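All remarks here apply to the structure that follows.
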Amino acid sequence: MVMTRLLPLAALFFLGGCSGTWGWYVVNPSTAAGQRNLMFLIDGLYYTIALSVTAILISIFLGLMVALPGLARQRPPRMVNRVYVELVRAVPILVLILWVYYGLPQVADISISVFWAGVLALAISDSAFQAEIFRAGIQSIDRGQHEAAHSISLSYVDKMRFVILPQAIKRILPALGNQLVYMLKMSSLVSVIGMEELTRRANELVVTEYRPLEIYTVLVIEYLVLILVVSAGVRWLEMRMGAADRR
Amino acid sequence: MRDSTHARSTQAAAGRAGGSGTDFISLRHVSKFFGDFRALDDVSLDIGLGQKIVICGPSGSGKSTLIRCINRLETHDSGEIAIDGVRLDDSTAARAVLRNNVGMVFQQFNLFPHLSILENLTLGPVRARGMDQVAARELAEYYLERVKIPEQIEKYPHQLSGGQQQRVAIARALCMEPQIMLFDEPTSALDPEMIAEVLEVIEELAGSGMTMICVTHEMGFAGHVADRMVFMDHGKIVETAPPQDFFSKPKSDRCKTFLQQILRH
Ligand SMILES: Nc1ncnc2c1ncn2[C@@H]1O[C@H](COP(=O)(O)OP(=O)(O)OP(=O)(O)O)[C@@H](O)[C@H]1O
Ligand SMILES: [Mg+2]
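Protein chains in written order, with this note's numbering: chain A, 1 to 247; chain B, 1 to 265.
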């Protein structure tokens, strides 16, 4: 049903590229100007990836640090976990980006680069979700594993590092993959403070070339390819870790 | 290499000779609550070095809770538990005593599924006792030999049968070179044809002078191994006696009924 409506539209879309009202020339790789524009757009990939990967590494670490007190038997650490998760989850990412970039330097009297402001905001925002993922993952591990670790006198850190987390991470890998995809998409928001990633570059090119349809179409394809590749990578990793278990 | 265990045993024995009691493990008026429910009710028990105690009793009577309190998987609410003269609490001294003295084997094995048998066995010695990898491997090989599965060292737990897994779990506990082994229904999760191989290993261990507390309903095994039988009901120790007396002339009615039920099957 949807397909039958979309099909003519898609045909129009590509055929339109040849007609006068469409301007694929802006990104036509066979012309020098088109090639320059295309490279300009694709170069944004570097910052999109750098932002997302740095942010997700930090958010995984933060998330784990927030998840652990959430698993404590006592109430105070559990409250710390709850408050952090609820607060951070309530703030829109875009608002957090603006606040970190424009607000934080005034509060803390520091200067922060666009890149690190973006990383920080993305990481904090994502860490609340990572904390929930880790908490669920760790809770899914059988109590007997904790008890066995205790019975051979492992310290808390050793127990987590060698017994609990390796098993938990294997289970939450699909969720972590989702978060990475989510992060790659959310990094486009950092364009508002001037980060030269994919979306920002597309915006800049539109301003000079007046060809939003073609340029944003390229942008869509860039994200699509990037995320399909990442998804495939995550699936491969899952399979490999799954295989290690069945070895 | 294995001499260290014996050296420590004699040391411990010598250390105690000057002290007040001769009991290696002593429980004094121990109670444990889960909420309002009293899982252990004023339990007192003394166990000498090298003694073997078999605990039995109906389901929910507190057998697991009792031995879990001895290695602090559960913390008791009142009374006192002491091992080798050291009172069990949150102190580092208590932790050291547990680390150096107490091993535990669980009903569900609780092997680490993501680690090979070798890694299961060496993790404790390397991380908790600071042993180097080479020495830890030797130790692991020695104890795997003793539980009669030396050839499985590179495999993963799920590749072994239940009986083999439980023997690995016993070896894992032994690798910490404890003086006391706690067993919580070590054969209850096993298929009948595998029970014998595990009991045989435990019996050999008993023969080597290990102090043991074993929760089990394998009464034949208990008769061979136990110095003393302990019968529990409703969180209390109802009866304790040497196995001959325990089986032939149980004093309490509850114990009689229990034995009749269990021996009928
Ligand atoms: N963590 C817990 N929270 C609440 N109640 C508990 C907990 N652990 C044990 N209990 C209760 O304490 C009582 C004693 O339990 P325990 O496991 O020691 O019994 P058991 O003699 O080992 O029984 P079984 O033969 O079934 O293993 C039971 O009634 C049980 O429901
Ligand atoms: Mg039990």
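The beta-carbon is built from N, C-alpha and C at its ideal position, and this holds for glycine as well.
Just so we're clear, the structure is a prediction, and the values are computed from it rather than from any experiment.
Three-way DSSP call (helix, strand, coil) for residue i in this model
i: residue 52 of chain A; result: helix
i: residue 124 of chain B; result: helix
i: residue 67 of chain A; result: helix
i: residue 79 of chain B; result: strand
i: residue 152 of chain A; result: coil
i: residue 86 of chain B; result: strand
i: residue 238 of chain A; result: helix
i: residue 23 of chain A; result: coil
i: residue 97 of chain B; result: helix
i: residue 255 of chain B; result: helix
i: residue 146 of chain A; result: helix
i: residue 149 of chain B; result: coil
i: residue 131 of chain B; result: coil
i: residue 43 of chain A; result: helix
i: residue 74 of chain A; result: coil
i: residue 189 of chain B; result: coil
i: residue 116 of chain B; result: coil
Cutoff 8 Å: residue i Cβ touching any chain A Cβ
i: residue 123 of chain B; result: yes
i: residue 114 of chain B; result: yes
i: residue 183 of chain B; result: no
i: residue 146 of chain B; result: no
i: residue 88 of chain B; result: no
i: residue 176 of chain B; result: yes
i: residue 108 of chain B; result: yes
i: residue 21 of chain B; result: Low confidence applies to residue 21 of chain B: its pLDDT is 48, below 50, so where it sits in the model is not reliable, and the reading given next is rough at best. With 8 Å as the cut-off, residue 21 of chain B does not count as an interface residue toward chain A.
Chain B contact for residue i (CB, 8 Å cutoff)
i: residue 126 of chain A; result: no
i: residue 72 of chain A; result: no
i: residue 174 of chain A; result: no
i: residue 144 of chain A; result: yes
i: residue 163 of chain A; result: yes
i: residue 166 of chain A; result: yes
i: residue 154 of chain A; result: yes
i: residue 267 of chain A; result: Residue 267 of chain A lies beyond the stretch modelled for chain A, which goes from 1 to 247, so this question has no answer here.
i: residue 132 of chain A; result: no
i: residue 196 of chain A; result: no
i: residue 222 of chain A; result: no
i: residue 248 of chain A; result: Only positions 1 to 247 of chain A appear in this structure, which leaves residue 248 of chain A out of reach.
i: residue 214 of chain A; result: no
i: residue 147 of chain A; result: yes
Residue(s) in a DSSP beta bridge with residue i
i: residue 214 of chain B; result: B:54, B:183
i: residue 40 of chain B; result: B:32
i: residue 23 of chain B; result: B:48
i: residue 103 of chain B; result: B:181
i: residue 231 of chain B; result: B:56, B:239
Cross-chain neighbours of residue i in chain A, by beta carbon under 8 Å
i: residue 71 of chain B; result: 150, 151
i: residue 173 of chain B; result: 151, 152
i: residue 98 of chain B; result: 153
Residue i to residue j span [Cα, whole Å]
i: residue 239 of chain B; j: residue 161 of chain A; result: 44 Å
i: residue 21 of chain B; j: residue 46 of chain B; result: The predicted position of residue 21 of chain B is uncertain, since its pLDDT is 48 and thus under 50; no value can be drawn from it.
i: residue 188 of chain A; j: residue 141 of chain A; result: 36 Å
i: residue 62 of chain B; j: residue 256 of chain B; result: 18 Å
i: residue 169 of chain B; j: residue 120 of chain B; result: 8 Å
i: residue 267 of chain B; j: residue 180 of chain A; result: A query on residue 267 of chain B cannot be resolved here, the shown segment of chain B reaching from 1 to 265 and no further.
i: residue 51 of chain B; j: residue 227 of chain B; result: 6 Å
i: residue 111 of chain A; j: residue 128 of chain A; result: 25 Å
i: residue 122 of chain B; j: residue 145 of chain A; result: 16 Å
i: residue 56 of chain A; j: residue 211 of chain B; result: 51 Å
i: residue 203 of chain B; j: residue 221 of chain B; result: 8 Å
i: residue 115 of chain A; j: residue 31 of chain B; result: 59 Å
i: residue 61 of chain A; j: residue 59 of chain B; result: 44 Å
i: residue 259 of chain B; j: residue 247 of chain B; result: 8 Å
i: residue 205 of chain B; j: residue 252 of chain B; result: 31 Å
i: residue 262 of chain B; j: residue 27 of chain B; result: 27 Å
i: residue 198 of chain B; j: residue 216 of chain B; result: 12 Å
Residue i: contacting residues in chain B (beta-carbon distance under 9 Å)
i: residue 158 of chain A; result: 123, 127, 128
Beta-carbon neighbours of residue i, restricted to chain A and to distances below 7 Å
i: residue 104 of chain B; result: 151
Residue i CB to nearest heavy atom of ligand 3 below 7 Å
i: residue 63 of chain B; result: In the structure shown, ligand 3 is absent; the only ligands present are ligand 1 and ligand 2.
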